[in-house]
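J.: Chains as they are written, first to last, in this note's numbering: chain Y, 6 to 336; chain D, 6 to 336. Ideal placement from N, C-alpha and C gives every residue a C-beta, glycine not left out. Handing you this structure, nothing more for now.
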């Protein structure tokens with residue numbers, strides 16, 4: 006069934022994305038939406054492109070819609086912000102039909118509803134491939150304000166919330182086997198298809214900093230090898246911070262270990278390269294750890310910030326820029 | 006010269022888009038930007054896609070960068086908002102080189118600087134064609150607040166600010182002749198390549214409503230025939246408002262008249278169909294007109310809101326949906 010007119014498509018959108026929201030003064034359908042604001046807000050924008058970030062071959066439309074929004078929410082989580090609204094720009098090729106779009110809106114709408122976010126605007130156009138571009142807003146006026154990457158100090162404890170390397174395994178097996186891979190690699194496939202944004206953990210971490218030096222925080226989207234130096238503000242070349250990472254194999258998901266062993270690779274090395282995990286990575290003063298571990302059972306400490314200007318993992322130096330560069334390695 | 010890594014590209018971006026801005030608490034380079042907010046803000050998002058919205062064949066990179074942002078600013082103008090910030094998502098094919106990108110950032114950066122906007126974030130990825138997706142926001146906390154489409158009343162005067170139909174002529178001649186068309190159709194080509202967002206006019210109109218019923222306002226992006234019913238909130242089928250438009254040929258740009266005559270078409274009819282003019286269209290109580298005409302020399306009254314539920318232009322009824330539908334007529 007071919008897509009109808011722009012108006013029909015907008016009617017479909019409205020069914021999945023209600024327009025009422027406490028922070029909305031003027032909803033979709035005007036030139037702009039108008040949002041109320043109670044203070045500082047966080048903003049992030051991400052692309053989600055067919056055959057670059059996802060493939061229709063093994064993403065259901067629901068999963069594609071879900072993930073397109075989830076990767077943006079991960080950025081809000083990394084700032085300790087509470088999601089409020091988003092805009093959606095959508096380029097659609099002629100072979101996308103009503104059923105696909107219905108599923109896509111359903112998957113995205115369910116996540117938006119769960120996070121109490123309103124779709125504040127967007128645009129639609131024809132394109133050669135499915136092209137999703139989302140900008141999200143979040144409220145950063147809660148207790149503790151927002152969290153940033155900068156400000157780690159030597160002696161700080163490094164922690165992660167979420168799996169390392171699992172999404173990378175999911176990508177590899179889905180590319181190789183399509184959805185048949187879900188049988189043998191269910192957790193890895195889920196980590197790639199429907200990553201869970203760590204919004205609640207981000208809010209908890211923001212509150213933890215309210216009476217002292219707040220944690221530093223970011224989301225791990227390009228792998229620990231590439232993202233950790235970013236948290237530390239650049240390492241050797243900036244005469245800056247380093248890290249001693251202790252990443253025991255026991256901390257890794259069994260599917261990560263099994264996948265690496267099958268390929269005769271180091272499970273820890275693979276987890277360190279990671280990519281698209283959307284885990285949170287942060288650092289905090291060690292005296293914050295007991296309260297954080299109690300509030301966040303999924304949190305794992307993985308090492309210590311140093312003043313050495315270089316990153317070591319299990320005693321081995323890690324080369325910079327070992328992770329994933331969307332531009333250097335086009336899909 | 007091929008593009009460098011993502012980091013090199015970000016360095017290039019930074020040269021054209023400075024990160025400091027009064028409303029920015031945390032700039033680019035973190036997971037989110039954090040913005041200060043003094044009250045309600047307007048949000049809009051638009052796609053600007055190669056071979057849908059622009060062609061490299063006749064857009065210089067500077068013009069493409071300028072227009073990608075300008076079409077978004079037009080939405081802020083239509084709400085009477087003052088631009089503050091934007092996010093930029095960019096998909097780039099392998100045949101875009103450093104020189105093209107430099108020009109693109111230059112054109113966009115110049116407009117951003119002129120409007121005192123900060124680039125708050127974004128994303129980059131490989132794509133098959135150039136894909137630009139921008140979300141803008143603007144401050145709506147000035148005197149008069151924001152303007153919306155709804156609220157026109159029978160007897161209100163309809164007005165436009167900007168040319169009608171000129172950009173449509175520009176598109177036609179550029180498609181037919183490429184940049185050679187600039188010789189014979191300079192104004193029409195400029196209207197398509199570098200449309201001027203009517204930010205100052207929008208702010209003036211917002212202030213005009215501070216002590217009474219504010220004007221209604223929208224930007225004409227799909228042509229008057231399609232957009233006027235939107236301003237009126239749907240016409241016949243909703244038992245709603247109509248309009249009597251008086252559009253003398255003398256109000257049209259000479260290039261619009263000349264182009265229609267060459268094709269033996271009605272200049273007024275062509276101007277009414279329009280498309281991508283990014284003019285402002287609004288309605289206000291007639292007693293506001295003298296002050297508005299004094300403040301906005303480029304404003305033209307073009308008719309009156311009626312209670313008839315249908316739109317007439319120069320005495321002829323205009324069929325609904327006669328304008329431009331991005332989905333019904335893919336480029």
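Are there 16 or more other CB atoms within 10 angstroms of the CB of residue 233 (chain D), so buried, or fewer, so exposed?
T.: Here residue 233 (chain D) refers to the residue found at position 228 of the second chain. Burial call: buried.
J.: At a cut of 8 Å, does the region 18–38 of chain D reach the region 15–30 of chain Y through at least three beta carbon pairs?
T.: They do not touch, by the three-pair rule.
J.: List the residues of chain Y whose Cβ lies closer than 9 Å to the Cβ of residue 136 (chain D), in chain order.
T.: Within the second chain, residue 136 (chain D) is the residue found at index 131, counting from 1. The answer, in chain order, is 52, 54, 96, 132, 136 and 138.
J.: Identify the continuous beta strand (DSSP E) that holds residue 16 (chain D) and give its terminal residues.
T.: The count along the second chain starts at 1 and reaches residue 16 (chain D) at position 11. Taken as a continuous stretch (DSSP letters only), residue 16 (chain D) belongs to no beta strand (DSSP E), being part of the alpha helix (DSSP H) at 11–21.
J.: Please confirm if residue 70 (chain D) has its CB atom under 7 Å from at least one CB of chain Y.
T.: Position 65 of the second chain, counted from the start, is the residue given in the question as residue 70 (chain D). Residue 70 (chain D) does not count as touching chain Y.
J.: Please report how far the alpha carbon of residue 28 (chain Y) lies from the alpha carbon of residue 89 (chain Y), in whole angstroms.
T.: Sequence index remark: in the first chain, residue 28 (chain Y) carries index 23 (1-based). Sequence index remark: in the first chain, residue 89 (chain Y) carries index 84 (1-based). Spanning the two alpha carbons is a distance of roughly 7 Å.
J.: Tell me, to the nearest whole angstrom, how far the beta carbon of residue 183 (chain D) is from that of residue 62 (chain D); I am working on the premise that it is less than 8 Å.
T.: The count along the second chain starts at 1 and reaches residue 183 (chain D) at position 178. The count along the second chain starts at 1 and reaches residue 62 (chain D) at position 57. That belief holds up - the Cβ atoms of residue 183 (chain D) and residue 62 (chain D) are roughly 6 Å apart, short of 8 Å.
J.: Counting Cβ pairs closer than 8 Å, one from the region 90–98 of chain Y and one from the region 131–151 of chain Y, do we hit at least three?
T.: The answer is yes - the region 131–151 of chain Y touches the region 90–98 of chain Y, with three or more Cβ pairs under 8 Å.
J.: Among D:58, D:82, D:72 and D:279, which one has its Cα closest to the Cα of residue 207 (chain D)?
T.: For the purposes of this step, residue 207 (chain D) is identified with residue 202 of the second chain, where counting begins at 1. It is D:82 whose Cα lies nearest to the Cα of residue 207 (chain D).
J.: DSSP state of residue 169 (chain Y), grouped into three classes?
T.: To locate residue 169 (chain Y), count along the first chain from 1; it is residue 164. Note: residue 169 (chain Y) maps to coil in three-state DSSP.
J.: At 7 Å on the CB atoms, spell out the chain D contacts of residue 40 (chain Y), in chain order.
T.: Locating residue 40 (chain Y) in the first chain gives position 35, where the first residue counts as 1. By Cβ distance, chain D contributes 45, 46 and 48.
J.: Taking only the alpha-carbon atoms, compute the straight-line gap between residue 42 (chain Y) and residue 99 (chain D) and give it to the nearest angstrom.
T.: Counted from its first residue, the first chain places residue 42 (chain Y) at position 37. Counted from its first residue, the second chain places residue 99 (chain D) at position 94. Taking the straight line from one Cα to the other gives about 40 Å.
J.: Within the 7 Å Cβ cut-off, does residue 209 (chain D) reach chain Y?
T.: Here residue 209 (chain D) refers to the residue found at position 204 of the second chain. No, its Cβ sits nowhere closer than 7 Å to a Cβ of chain Y.
J.: In whole angstroms, what separates the C-alpha of residue 56 (chain Y) from that of residue 11 (chain Y)?
T.: For this step, residue 56 (chain Y) is matched to residue 51 along the first chain. For this step, residue 11 (chain Y) is matched to residue 6 along the first chain. Cα to Cα, residue 56 (chain Y) sits roughly 25 Å from residue 11 (chain Y).
J.: Should the region 283–294 of chain D be called in touch with the region 150–167 of chain D, which here means at least 3 C-beta pairs below 8 Å?
T.: Enough Cβ pairs lie closer than 8 Å, so yes.
J.: Is the CB of residue 61 (chain D) under 7 Å away from at least one CB in chain Y?
T.: As a first step, residue 61 (chain D) is located in the second chain; it is residue number 56 there, counting from the start. No, its Cβ sits nowhere closer than 7 Å to a Cβ of chain Y.
J.: Give the interface partners of residue 57 (chain D) over in chain Y, defined as CB-CB distance under 9 Å, in chain order.
T.: Along the second chain, one-based indexing puts residue 57 (chain D) at 52. Simply 96, 130, 131 and 132.
J.: Can you tell me which of Y:216, Y:105 and Y:279 puts its alpha carbon nearest to the alpha carbon of residue 292 (chain Y)?
T.: Counting from 1 along the first chain, the entry for residue 292 (chain Y) is found at position 287. Nearest of Y:216, Y:105 and Y:279 to residue 292 (chain Y), Cα basis: Y:216.
J.: I need the DSSP call for residue 209 (chain D), collapsed to helix, strand or coil.
T.: Start at 1 with the first residue of the second chain, and residue 209 (chain D) comes out as number 204. DSSP places residue 209 (chain D) in helix when its eight states are reduced to three.
J.: Against residue 154 (chain Y), what residues of chain D qualify as contacts under a CB-to-CB distance less than 9 Å, listed in chain order?
T.: The count along the first chain starts at 1 and reaches residue 154 (chain Y) at position 149. Per Cβ cutoff of 9 Å: 34, 35 and 36.
J.: Starting from residue 92 (chain Y), find everything on chain D with Cβ-Cβ shorter than 8 Å and list it in chain order.
T.: One-based indexing of the first chain puts residue 92 (chain Y) at position 87. In chain order: 48, 49, 50 and 140.
J.: Within 7 Å of any Cβ in chain Y, is that where the Cβ of residue 340 (chain D) sits?
T.: Residue coverage of chain D in this structure runs from 6 to 336, which leaves residue 340 (chain D) outside it and unanswerable.
J.: Pick out whichever of D:113, D:127 and D:128 has its Cα sitting closest to the Cα of residue 121 (chain D).
T.: Walking along the second chain from the start, residue 121 (chain D) turns up at place 116. Out of D:113, D:127 and D:128, D:113 has the C-alpha closest to the C-alpha of residue 121 (chain D).
J.: Residues in the same chain with beta-carbon distance under 6 Å from residue 53 (chain D), minus the five sequence neighbours each way, listed in chain order, please.
T.: As a first step, residue 53 (chain D) is located in the second chain; it is residue number 48 there, counting from the start. Only 73 and 137 meet the Cβ criterion.
J.: Under 7 Å between C-beta atoms, does residue 223 (chain Y) make it to chain D?
T.: On the first chain, position 218 is the one that residue 223 (chain Y) refers to. For residue 223 (chain Y), the answer is yes, since a Cβ of chain D falls inside 7 Å of its Cβ.
J.: Cβ of residue 169 (chain D) within 7 Å of Cβ of residue 279 (chain D)?
T.: Translated into the one-based positions of the second chain, residue 169 (chain D) becomes position 164. Translated into the one-based positions of the second chain, residue 279 (chain D) becomes position 274. Cβ atoms of residue 169 (chain D) and residue 279 (chain D): closer than 7 Å.
J.: Secondary structure at residue 321 (chain D), three-state DSSP: helix, strand or coil?
T.: For the purposes of this step, residue 321 (chain D) is taken as the residue at position 316 of the second chain. Residue 321 (chain D): strand per DSSP, three-state reduction.
J.: Starting from residue 88 (chain Y), trace the alpha helix (DSSP H) both ways and give me its first and last residue.
T.: Numbered from 1 along the first chain, position 83 holds the residue referred to as residue 88 (chain Y). Note, residue 88 (chain Y): premise wrong, no alpha helix (DSSP H); beta strand (DSSP E) at 87–97.
J.: Using 7 Å as the threshold, is the C-beta distance between residue 308 (chain Y) and residue 251 (chain Y) below it?
T.: Residue numbering aside, residue 308 (chain Y) sits at position 303 when the first chain is read from its first letter. Residue numbering aside, residue 251 (chain Y) sits at position 246 when the first chain is read from its first letter. Yes, Cβ-Cβ distance for residue 308 (chain Y) and residue 251 (chain Y) is below 7 Å.
J.: Between the Cα of residue 171 (chain D) and the Cα atoms of D:15, D:103, D:157 and D:195, which residue gives the shortest distance?
T.: The residue you call residue 171 (chain D) lines up with position 166 of the second chain. Out of D:15, D:103, D:157 and D:195, D:195 has the C-alpha closest to the C-alpha of residue 171 (chain D).
J.: Using a Cβ cut-off of 8 Å, pull out every chain D residue sitting near residue 127 (chain Y), in sequence order please.
T.: Here residue 127 (chain Y) is taken as the residue at index 122 of the first chain, counted from 1. Under the 8 Å cutoff, chain D gives 50.
J.: Indicate whether residue 109 (chain D) and residue 66 (chain D) have their beta-carbon atoms separated by less than 7 Å.
T.: Looking up residue 109 (chain D) in the second chain gives position 104. Looking up residue 66 (chain D) in the second chain gives position 61. Closer than 7 Å, so yes.
J.: Would you tell me roughly how many angstroms separate the C-alpha atoms of residue 204 (chain Y) and residue 49 (chain D), rounded to the nearest one?
T.: Taking the first residue of the first chain as 1, we reach residue 204 (chain Y) at position 199. Taking the first residue of the second chain as 1, we reach residue 49 (chain D) at position 44. Cα to Cα, residue 204 (chain Y) sits roughly 25 Å from residue 49 (chain D).
J.: Could you check what DSSP says for residue 277 (chain D) in three-state terms: helix, strand or coil?
T.: Position 272 of the second chain, counted from the first residue, corresponds to residue 277 (chain D). Helix, per DSSP.
J.: Can you give the beta carbon distance from residue 85 (chain D) to residue 222 (chain D), rounded, assuming they're within the 8 Å contact cut?
T.: By 1-based counting over the second chain, the position of residue 85 (chain D) is 80. By 1-based counting over the second chain, the position of residue 222 (chain D) is 217. Confirmed, Cβ separation roughly 7 Å.
J.: When DSSP labels each residue in this structure, what does residue 133 (chain D) get in the three-state scheme?
T.: What you label residue 133 (chain D) is simply residue 128 of the second chain in a count that begins at 1. The answer is coil: DSSP assigns residue 133 (chain D) none of H, G, I, E or B.
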